[in-house]
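Notes follow once the structure below has been shown.
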Amino acid sequence: MKILETKDLCKIYGDDAGNELHALKNVNIHASKGEIVGIVGESGCGKSTFANIIACITKSTSGKILFNNEDITHLNYKERRDYYKSFQMVFQSPLDTFSPKMKVERYMIEPSLNFKLMDKKSAKEYAKELLATVGLSEGYMKKYPSELSGGELQRVVIARAIGLKPELMIFDECTSALDVSIQQKIINLIIELQKEKGFTIMFITHNLVLAENICDRIYVMKSGEVVDVLNKGDFRNAS
Ligand code: ADP
Ligand code: ADP
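Residue numbers for the sequence shown, in full-length UniProt numbering: 1 to 239.
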């Protein structure tokens with residue numbers, strides 16, 4: 001079953017001088033339930049533009065996005081809010097969503113309260129369970145972001161994202177700012193989310209070797225185009 005599908009997605013950025021930059025050119029990809037799909041390419045090839053369009057943060061110039069077979073290309077404000085119950089994105093910098101003034105506890109319970117899924121007491125209990133899933137003890141609930149390492153911060157962000165049990169998660173360069181040893185731990189966590197919890201994941205990175213270690217299929221991008229589709233059997237660098 002296809003969770004996500006894009007059809008001829010295009011994005012043109014324009015500037016005041018009338019110059020056009022074709023950041024995405026007819027991008028067709030899909031992710032089926034339970035897959036880890038990679039989007040790989042060098043800096044500037046359009047990966048973030050693509051992720052931001054799927055997340056409805058940026059508007060596409062043309063083309064279509066289907067989520068569970070529903071057209072989500074032009075969501076209004078309320079529809080987008082609902083979409084974020086089943087779609088979550090994890091960025092390169094945890095602090096994009098995690099305010100330095102907020103304790104882990106408040107950050108973790110926010111979605112449960114915002115979407116009115118449970119009361120505060122239950123939300124706190126649920127937050128502790130989620131932290132345990134990513135290998136963090138409940139002692140972390142009382143900490144501020146400044147007291148956590150980069151890897152721990154990214155774990156908290158992932159814990160919150162999985163709390164909504166999203167049907168699709170996008171990880172956009174989520175390990176790029178981390179030391180190599182910690183990178184591997186986050187990768188292991190993502191594999192666990194797929195294998196044990198059946199999450200569907202889109203893994204975006206400039207690092208092909210990293211992607212080959214985790215993805216079922218990889219779309220290779222260059223200058224805004226998908227130039228190659230690699231399946232598991234075709235991977236060259238995977239261990
Ligand atoms: P990547 O994530 O692969 O590094 P991006 O999607 O960030 O690629 O960028 C793709 C191209 O689009 C680059 O040439 C970049 O400079 C350009 N670009 C990205 N965002 C904007 C923007 N908001 N306005 C104009 N050009 C942009
Ligand atoms: P990344 O590849 O990690 O996204 P970028 O430097 O490509 O890093 O982009 C960082 C931010 O700047 C993004 O939000 C992107 O939309 C914006 N951006 C990138 N290139 C341009 C550009 N040429 N003009 C305006 N904004 C841009």
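We treat Cβ as the ideally placed atom computed from N, Cα and C, and that holds for glycine.
Where residue i and residue j are concerned, what is the direct C-alpha to C-alpha distance, given to the nearest angstrom?
| i | j | result |
| --- | --- | --- |
| Gly44 | Ser223 | 7 Å |
| Ala161 | Tyr84 | 10 Å |
| Asn28 | Phe171 | 19 Å |
| Asn26 | Leu9 | 5 Å |
| Tyr77 | Ala23 | 25 Å |
| Gly163 | Met89 | 13 Å |
| Ser176 | Val209 | 13 Å |
| Tyr126 | Ile158 | 14 Å |
| Arg155 | Asn231 | 28 Å |
| Lys195 | Lys142 | 30 Å |
| Asn69 | Ile54 | 14 Å |
| Asn52 | Gly139 | 34 Å |
| Cys174 | Glu20 | 29 Å |
| Leu113 | Glu152 | 23 Å |
| Leu178 | Asp16 | 37 Å |
| Met202 | Leu130 | 21 Å |
| Asp71 | Ala31 | 15 Å |
| Lys197 | Gly18 | 48 Å |
Grab me the residues of residue i's own chain with a C-beta within less than 8 Å of its C-beta, minus the 5 sequence neighbours each way, in chain order.
| i | result |
| --- | --- |
| Arg80 | Cys56 |
| Val229 | Arg217, Ile218, Tyr219, Val220 |
| Leu75 | Cys56, Tyr83 |
| Val227 | Val220, Met221 |
| Glu95 | The sequence given here has Leu at residue 95, not Glu. So the qualifying residues of the chain are Pro145, Leu153. |
Can you have a look at residue i and say buried or exposed, based on whether 16 or more other CB atoms are within 10 angstroms of its CB?
| i | result |
| --- | --- |
| Tyr13 | exposed |
| Asp82 | exposed |
| Met1 | exposed |
| Phe115 | exposed |
| Ser60 | buried |
| Ala132 | exposed |
| Val37 | buried |
| Val134 | buried |
Tell me which residues share the same chain as residue i and place their Cβ nearer than 6 Å to its Cβ, disregarding the 5 neighbours each side in the sequence.
| i | result |
| --- | --- |
| residue 240 | For the chain, the structure presents residues 1 to 239; residue 240 sits outside this window and is missing. |
| residue 327 | Residue 327 is absent from the structure shown; the chain starts at 1 and stops at 239. |
| Ile183 | It should be noted that the sequence gives Gln, not Ile, for residue 183. Excluding residues within five positions, the ones whose Cβ falls inside 6 Å are Thr175. |
Can you name, in chain order, every residue of its own chain whose Cβ lies under 7 Å from the Cβ of residue i, other than the five neighbours on each side?
| i | result |
| --- | --- |
| Glu42 | His206 |
| Lys124 | Glu105, Ile109 |
| Leu49 | Reading off the sequence, residue 49 comes out as Thr, not Leu. These residues qualify, in order along the chain: Lys11, Ala23, Leu24, Thr58. |
| Ile214 | Ile36, Ile187, Ile190, Ile191, Phe203 |
Checking contacts by CB at 9 Å: is residue i closer than that to chain B?
| i | result |
| --- | --- |
| Met202 | Looking for chain B here will not work: only one protein chain is present. |
Item checked: beta strand (DSSP E) segments (min. 3 residues) lying fully within the stretch 25–70 -> DSSP runs (the beta strand (DSSP E)) wholly in the stretch 25–70: 30–32, 36–40, 62–67.
Notebook entry, point to check: So does the stretch 53–72 actually touch the stretch 107–120, counting three or more Cβ pairs closer than 8 Å?
Noted result: A contact is defined here as three or more CB-CB pairs under 8 Å, and the stretch 53–72 fails this definition with respect to the stretch 107–120.
Notebook entry, point to check: Is it true that the stretch 97–104 meets the stretch 128–146, where meeting means three or more beta-carbon pairs spaced less than 8 Å apart?
Noted result: With the cut-off at 8 Å, the stretch 97–104 and the stretch 128–146 touch.
Next item on the list: Write down every uninterrupted run of the alpha helix (DSSP H) in the stretch 121–179 whose length is 4 residues or greater and which is fully enclosed by it, in chain order.
Entry: At a cut-off of 4 residues, the continuous stretches assigned as alpha helix (DSSP H) that sit fully inside the stretch 121–179 are 150–163.
Margin query: Please give the ranges of any beta strand (DSSP E) in the stretch 71–117, keeping only runs that are unbroken, at least 3 residues long and fully inside the region.
Written below: 87–90
Note to self: My parser needs the alpha helix (DSSP H) runs of 4 or more residues fully inside the stretch 214–239; what are they?
What the structure shows: none
Next item on the list: Output the residue ranges of the alpha helix (DSSP H) runs that lie fully inside the stretch 174–212 and measure 4 residues or longer, sorted by chain position.
Entry: Counting only runs of 4+ residues, the alpha helix (DSSP H) found wholly inside the stretch 174–212 occupies 180–197, 208–212, in chain order.
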